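Heads up: the sequence shown begins at 17 in my numbering, then just goes up one per residue.
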Amino acid sequence: MPGTTKATPIGLGSIGALPVAILVWAIGLSLGGTTGYALNPARDFGPRLTLGLSSAAN
């Protein structure tokens, strides 16, 4: 039966959000220069496309 064993539970418990937070932080730092830390793809694509097209013209 589930939940009847005395073994250590699988998972990180309350520290489980730390890897996700570090991932979001790393993505924001690496891609946030041109878009101002926009993690929403709809807000990120327009400025990135505009920057790419304006840089290609030079």
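All residues carry an ideal CB built from backbone N, CA and C; glycine is no exception.
Please read all numbers here as calculations on a predicted model, not as lab measurements.
Please confirm whether Asp60 has its beta-carbon closer than 7 angstroms to some beta-carbon of chain C. Included in the structure is just one protein chain, with no chain C present.
So Tyr53 packs on Gly44, CB below 8 angstroms; how close in whole Å? 5 angstroms
To the nearest angstrom, report how far apart Gly68 and Asn56 are at their CA atoms. Approximately 18 angstroms between the Cα atoms of the pair.
Straight-line gap, Ala33 to Thr66 (C-alpha atoms, nearest Å): Distance between the alpha carbons of Ala33 and Thr66 is about 34 angstroms.
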